[in-house]
Amino acid sequence: MGRSFEVRKASMAKTQGAKIKVYSKYGKEIYMCAKNGGADPDMNLSLKHLITKAKKDQVPAHVIDKAIDKATGGGGEDYQPARYEGFAPGGASVIVDCLTDNGNRTFQDVRQCFVKTGAKIGSPGTTAHMFDHQAVFQFKGDDEEAILEALMMADVDVADIELEDGVITVFAPHTEFFKAKTALNAEFPDVTLDVEEITFVPQNHTPVSGEDAEKFQKFLDLLDDCDDVQQVYHNAEL
């Protein structure tokens with residue numbers, strides 16, 4: 001229905017080192033979510049969603065439990081969100097979200113990823129307006145009209161809905177995430193949500209090819225190596 005959505009899922013970590021990085025990033029995010037909103041997933045819906053997402057990415061239960069126990073124990077690190085925006089190799093727009101206990105260190109680490117690949121880091125707001133902050137759900141199905149009707153009956157503000165190759169994708173404002181998820185689970189209990197996330201969806205895509213594509217991949221790899229980087233959003237079309 002007017003806008004395609006490319007699911008950019010990182011390939012499953014194949015080395016122990018890569019797995020540890022994934023576990024560390026989830027552990028940090030779960031810790032902060034439980035510390036700020038409470039350790040009971042039934043009372044903290046953000047934590048409940050995060051745990052579900054972590055399990056889908058094969059994060060072991062002991063990693064999840066340790067992060068929650070750490071949050072309830074008091075003390076510990078105090079991570080703050082940090083966001084950096086700019087233009088990646090090839091001119092693609094990028095948003096880098098971090099959790100950090102040392103803003104100066106994180107800025108320098110992220111800045112080096114830009115510098116080493118010829119990318120340009122900008123000021124806050126440089127590229128955020130080129131993305132829509134949305135809740136996205138994706139699942140197998142063939143009747144998008146029934147999905148739309150159910151969501152509208154639940155008073156969900158649906159931004160868009162697509163049907164392509166037997167896959168339905170629902171877009172809604174990010175503030176509608178839990179309302180939309182609750183409605184989908186209630187009305188279609190047999191449906192498995194393959195994607196359920198709050199993300200930044202690019203309004204337009206920027207083609208990136210040749211040497212720029214190689215530099216762009218190096219840029220992503222460098223960011224992935226940064227311990228404080230949690231998510232990277234971009235509009236590159238490779």
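In our numbering, the protein residues as written are 1 to 238.
Beta carbons are placed, not taken as given, at the ideal position from N, Cα and C, and that holds for glycine.
(message) Assuming contact is defined by CB atoms lying nearer than 8 angstroms, are Leu99 and Tyr79 in contact in what I supplied?
(response) yes
(message) Tell me which residues share the same chain as Gly2 and place their Cβ nearer than 7 angstroms to its Cβ, disregarding the 5 neighbours each side in the sequence.
(response) Legend: pLDDT at Gly2 = 39, less than 50; position of this residue unreliable, value from coordinates given subsequently. The residues are Asp160.
(request) Leaving out five residues on either side along the sequence, give the residues of the same chain with a beta carbon under 6 angstroms from the beta carbon of Tyr26. (result) Ala54, Val59
(message) Let me make sure I understand the geometry here. Which of His62, Val201, Lys28 has the alpha-carbon closest to that of Gln240?
(response) Outside the shown range of the chain, which is 1 to 238, sits residue 240, and nothing can be said about it.
(request) For Ala261, collect the residues of the same chain with a Cβ closer than 7 angstroms to its Cβ; drop the 5 residues on either side in sequence, then sort them by chain order. (result) Any question about residue 261 goes unanswered here, given that the chain covers just 1 to 238.
(request) Would you identify the three-state DSSP class for Tyr31, choosing helix, strand or coil? (result) helix
(request) Could you tell me if Thr206 is buried or exposed, where buried requires 16 or more neighbouring beta carbons within 10 angstroms of its beta carbon? (result) buried
(request) Please state if the CB of Ala61 and the CB of Phe219 are separated by a distance shorter than 8 angstroms. (result) no
(request) In the DSSP assignment, find the beta strand (DSSP E) that holds Thr100 and state where it starts and stops. (result) 93-100
(request) Return the residue from the list Ser123, Asp228, Gly76, Cys113 that minimises the CA-CA distance to Asn36. (result) Gly76
(message) Using DSSP's beta-bridge definition, name the partner residues of Gly86.
(response) Val94, Ile121
(request) Kindly indicate which three-state DSSP category Tyr23 falls into: helix, strand or coil? (result) helix
(request) Please work out which residues of its chain come closer than 6 angstroms, Cβ to Cβ, to Met32, disregarding the five sequence neighbours upstream and downstream, and give them in chain order. (result) Tyr79
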